[in-house]
Amino acid sequence: VHGHRFPLRGSFGFGGSGARFGADRGDHSPRGQDLTAADGTPIVAPRGGRIEHVGYQASGAGHYIVLDGGGEDRDYVFMHLRAGSPRVRRGQRVVTGERLGGVGNTGRSFGAHLHFEIWVGGWYSGGHAIDPLPSLRRWNRWS
């Protein structure tokens, strides 16, 4: 796990129990962790790798990025980015700590935050989401 960086550069919060992986939100259960932060707070790559997707989903993720974790069989997913903030394109290689975009409030979102997911075995391609909070807490201590 060394060699990873926390995905935000600036002040943030882990939110309450409703911000957690698997929380009951009535109509869905999140597959990641919400990190509250000011609009525009820099989002960085927790690990070097290749950008798999850069897209927009109005009814859900808003502006989002999916990063292939470069040989670890993990995808890192960043959702609700600020409109116009993604600085990467599909297929681009990034290094650990490189800026990807900024925190926003796009898609189905209620306040500026980063929704962060970790998928083992590929994002929606045969893989499954795991609780990112233990990794986030470790990376926060090292970053």
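Going from the sequence shown to the working numbering is simple: count from 1 and add 1229.
Yeah, the Cβ is synthetic: ideal placement off N, Cα and C, and Gly gets one too.
Quick caveat: nothing in here was measured; it's all calculated off a predicted structure.
Around the CB of Q1286, fewer than 16 other CB atoms lie within 10 Å, so the residue is classed as exposed.
A1358 is bridged by DSSP to W1348. Taking all protein chains shown into account, D1302 has fewer than 16 neighbouring C-beta atoms within 10 Å of its C-beta and is therefore exposed.
About 4 Å separates the Cβ atoms of A1266 and F1241, confirming a contact at the 8 Å cut-off.
Rounded to the nearest angstrom, the Cβ distance from G1320 to I1272 is 19 Å, too far for a contact under 8 Å.
A Cβ-Cβ separation of about 13 Å leaves L1310 out of contact with G1289 under the 8 Å criterion.
Rounded to whole angstroms, the gap between the alpha carbons of G1299 and R1276 is 8 Å.
Around F1235, the same chain offers W1368, N1369, S1372 as residues with beta carbons nearer than 6 Å, after the five sequence neighbours per side are excluded.
Classified as exposed, V1324 has fewer than 16 neighbouring CB atoms from the shown chains inside 10 Å of its CB. With respect to the C-alpha of G1340, the residue from G1244, V1283, G1261 having the closest C-alpha is G1244. Per the coordinates, the alpha-carbon of H1233 lies some 13 Å from the alpha-carbon of P1363. By the criterion of a C-beta distance shorter than 7 Å, V1349 is surrounded in its chain by D1302, R1303, G1356, H1357, I1359, once the five residues flanking it on both sides are discounted. Taking the CA atoms as reference points, L1296 sits about 13 Å from R1316.
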